[in-house]
Amino acid sequence: MGMRPSSAASQASPLRFGAPLAAAAVLGVLAGYPLWRLAAEALSGGGMGDALSATGVRTAAFNSLWTSAAAATLAAAAGTAVALLTERYRIRGAAALRVAMVGTLIVPPFVSAVSWQATYAPFGLLDDLTGLSGGWIDGRVGVVVVIAVNVAPLAFLVVAAALRGSRLGDVERAARAAGAADAATLRSITLPLIRPALAAAWLVGFAAALANFGVTTVLGTSAGFDTLTTRVYRAIAFSAREAAFQEAVAMALILVLLALVVIALTDSRFVSGRMTGLADPTTGRIGSMAPAPPGAAALAWGYLTLSLMLPLGGLVLRALTRAVGVSASPGNWTLANFRAVWDARTWEALGRSAALAASAALLALAVAGLLVFVSRTGNRRWGSAAAVMFAVPGTSIALAVSLGYGRWIANTAAIILVAYVAKLLVLAHRPLAGSAVSIHPDLLRAGRAAGAGPGGLLRWIVAPMLRSAIVAGAVLVFVFAVHELTMSSLLRGPGNETLAVVVLDYQQIGDPTVTAALAVVLAIVIAVVAAPLLWLRRVWGAPQ
Numbered sequence: 000m001g002m003r004p005s006s007a008a009s010q011a012s013p014l015r016f017g018a019p020l021a022a023a024a025v026l027g028v029l030a031g032y033p034l035w036r037l038a039a040e041a042l043s044g045g046g047m048g049d050a051l052s053a054t055g056v057r058t059a060a061f062n063s064l065w066t067s068a069a070a071a072t073l074a075a076a077a078g079t080a081v082a083l084l085t086e087r088y089r090i091r092g093a094a095a096l097r098v099a100m101v102g103t104l105i106v107p108p109f110v111s112a113v114s115w116q117a118t119y120a121p122f123g124l125l126d127d128l129t130g131l132s133g134g135w136i137d138g139r140v141g142v143v144v145v146i147a148v149n150v151a152p153l154a155f156l157v158v159a160a161a162l163r164g165s166r167l168g169d170v171e172r173a174a175r176a177a178g179a180a181d182a183a184t185l186r187s188i189t190l191p192l193i194r195p196a197l198a199a200a201w202l203v204g205f206a207a208a209l210a211n212f213g214v215t216t217v218l219g220t221s222a223g224f225d226t227l228t229t230r231v232y233r234a235i236a237f238s239a240r241e242a243a244f245q246e247a248v249a250m251a252l253i254l255v256l257l258a259l260v261v262i263a264l265t266d267s268r269f270v271s272g273r274m275t276g277l278a279d280p281t282t283g284r285i286g287s288m289a290p291a292p293p294g295a296a297a298l299a300w301g302y303l304t305l306s307l308m309l310p311l312g313g314l315v316l317r318a319l320t321r322a323v324g325v326s327a328s329p330g331n332w333t334l335a336n337f338r339a340v341w342d343a344r345t346w347e348a349l350g351r352s353a354a355l356a357a358s359a360a361l362l363a364l365a366v367a368g369l370l371v372f373v374s375r376t377g378n379r380r381w382g383s384a385a386a387v388m389f390a391v392p393g394t395s396i397a398l399a400v401s402l403g404y405g406r407w408i409a410n411t412a413a414i415i416l417v418a419y420v421a422k423l424l425v426l427a428h429r430p431l432a433g434s435a436v437s438i439h440p441d442l443l444r445a446g447r448a449a450g451a452g453p454g455g456l457l458r459w460i461v462a463p464m465l466r467s468a469i470v471a472g473a474v475l476v477f478v479f480a481v482h483e484l485t486m487s488s489l490l491r492g493p494g495n496e497t498l499a500v501v502v503l504d505y506q507q508i509g510d511p512t513v514t515a516a517l518a519v520v521l522a523i524v525i526a527v528v529a530a531p532l533l534w535l536r537r538v539w540g541a542p543q
């Protein structure tokens, strides 16, 4: 005999009240307690004042701010331009252009930095082919440019989503009918109406650039260029002084505060305001798309060629070449660099990275599911905590987790796993939260009326409807965990390195060809794992 509705409701009641307590406890473990320990340590004994008075810290803070602002500006410009082209105009190959643009996001930033070195620095691919090279790659200019290239896909996604969810086409057609030229329409109507999305794209880019560690380590450290993230790393990894640790903690707290300011601005009315009256719930597309300006598509593909395809080609050729400075012609190709990286340490690091990434994906999905449940039954702001932790730089999260739980799990894979889940939780939460909207309460009520308990509802109704979102969240967390570098390098212990950390070690040793080979391996692993996202995009029909 099936369970009566009243019995099912009585079982759901404790879950309804207990779930918020469980969610609060989990967020306290992942975010609240570690960040409280970080703040307490930074503010105790005058450590913050001493750190701020140090010339090196002030210089690193200034470098972090101006490079993040510059990179965010360049990224917003590039991302907005490509988004306008793919979503506002009729062009051939728009879908391929979208995939290529977002594909840049999958390449780890430090791998991107190594690939730019292999292509544009002296003795790189461009030097070999044309005799030209960019001495600016190693230094502040290279840091800004490469960070901007890595952040531009985020700006593209923000602006493209705003354009696809609007009815700007109606307004633009009216402007053209009144005699306005296309450039005037873009300047006077389109850009002002998507101003909230443009501001959000800049702020997201600023937060991502502020948290960047790998690009500055590869391109800036050798040139004596420091930001807060690299200075924290050097203070922890290469100094045993107590003052250096206090300085690192203080800088980590500064990064947290800057991230919170960015989050507050992103949630402000100016940035989060909607394009009133332009929402198009039926098509999700801009009305009648105009023909693209002559040469616009060629410029977009040229940008992607110079920023993504050519650097990856240069990386592969460097990995295949016998030595730096030797021509990359087929006569100088060898697989010795790839054979050199496949030692026992690399295999162990690869297995450890895969295990950590899979564990992080499963745990993040479980926590995200809990947050989505409590958001639907009460306060809908639970997911904001996950967004905040994603904005907090990995440097700060690593130190916070170390201070919070280091006495018990330091130098183990467990402490890295805690940091991964805290940082990447939002990647599992956003797909689930977006898809959960499609689950009508009447379906759940019907299930309860049929006698299904919480487990039955989850198995037979909720899980099938969220299948694509579950896969997407798992893949996103896995991909970002596999190539995560900042937290892994700060929390590493003896015999506890991840694959990304091994790549960094080879880079710091100064073996560019072997570093390139290992970076190619890492990029291939990530590309294979990320492939299901293309299938999911086709299932969903539009960029999600």
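Read in numbering that gives the first Met the number 0, the sequence shown has 486 at position 487, and its numbers run on one by one without any break.
All C-beta atoms, glycine included, are put in the ideal place defined by N, C-alpha and C.
It should be emphasised that the depicted structure is a prediction, and the values quoted were computed from it without experimental measurement.
For the pair Ala516 and Ala318, the CB atoms are nearer than the 7 angstroms cut-off. For the set Gly403, Ala473, Ala409, Ile408, the Cα lying nearest the Cα of His428 is the one of Ala473.
Cβ neighbours of Ala367 within its own chain (closer than 6 angstroms, five residues either side excluded): Ala427, His428, Leu431. Using a Cβ distance threshold of 7 angstroms, Asn331 and Thr345 do not count as a contacting pair. The three-state secondary structure of Pro292, taken from DSSP, is coil. Spatial neighbours of Ala82 in its own chain (CB-CB distance under 7 angstroms, excluding positions within 5 residues in sequence) are listed in chain order as Phe155, Val158, Ala159, Leu162. Put simply, of Leu416, Thr228, Arg87, Tyr88 the residue whose alpha carbon is nearest the alpha carbon of Ala359 is Leu416. Taking a cut-off of 8 angstroms for Cβ pairs, the segment 291 to 301 and the segment 131 to 148 do not touch, as fewer than three such pairs fall below it. Here Leu254 is actually not in contact with Ala397; their C-beta atoms are around 11 angstroms apart, not less than 8 angstroms. A Cβ-Cβ separation of about 23 angstroms leaves Val56 out of contact with Ile262 under the 8 angstroms criterion. When Val420, Leu20, Leu34 are compared, the shortest CA-CA separation from Leu475 is found for Val420.
Counting along the chain, no alpha helix (DSSP H) covers Glu496, and no H or E run does either. In this structure, the straight-line span from the alpha carbon of Gly350 to that of Val340 is close to 14 angstroms. In terms of Cβ geometry, Trp115 and Pro310 form a close pair [threshold 7 angstroms]. Listed as beta-bridge partners of Thr320 by DSSP are Trp332. Around the C-beta of Pro152, 16 or more other C-beta atoms lie within 10 Å, and the residue is accordingly described as buried. Looking at the DSSP output, Arg89 bridges to Pro290. For Ala210, the enclosing alpha helix (DSSP H) begins and ends at 194 to 210.
When secondary structure is reduced to three states using DSSP, Arg406 falls in the helix class. For Ile136, no alpha helix (DSSP H) run applies, since DSSP gives it neither H nor E. Contact between the segment 107 to 121 and the segment 61 to 74 is absent: fewer than three C-beta pairs spanning the two stretches fall below 8 angstroms. Pairing Ala147 with Phe224, the inter-Cα distance amounts to about 17 angstroms. Membership of Val217 in the alpha helix (DSSP H) is indicated by the continuous run 213 to 218. Counting along the chain, Met250 sits inside the alpha helix (DSSP H) bounded by residues 241 to 265. Collapsing the DSSP output to three states places Pro19 in a helix.
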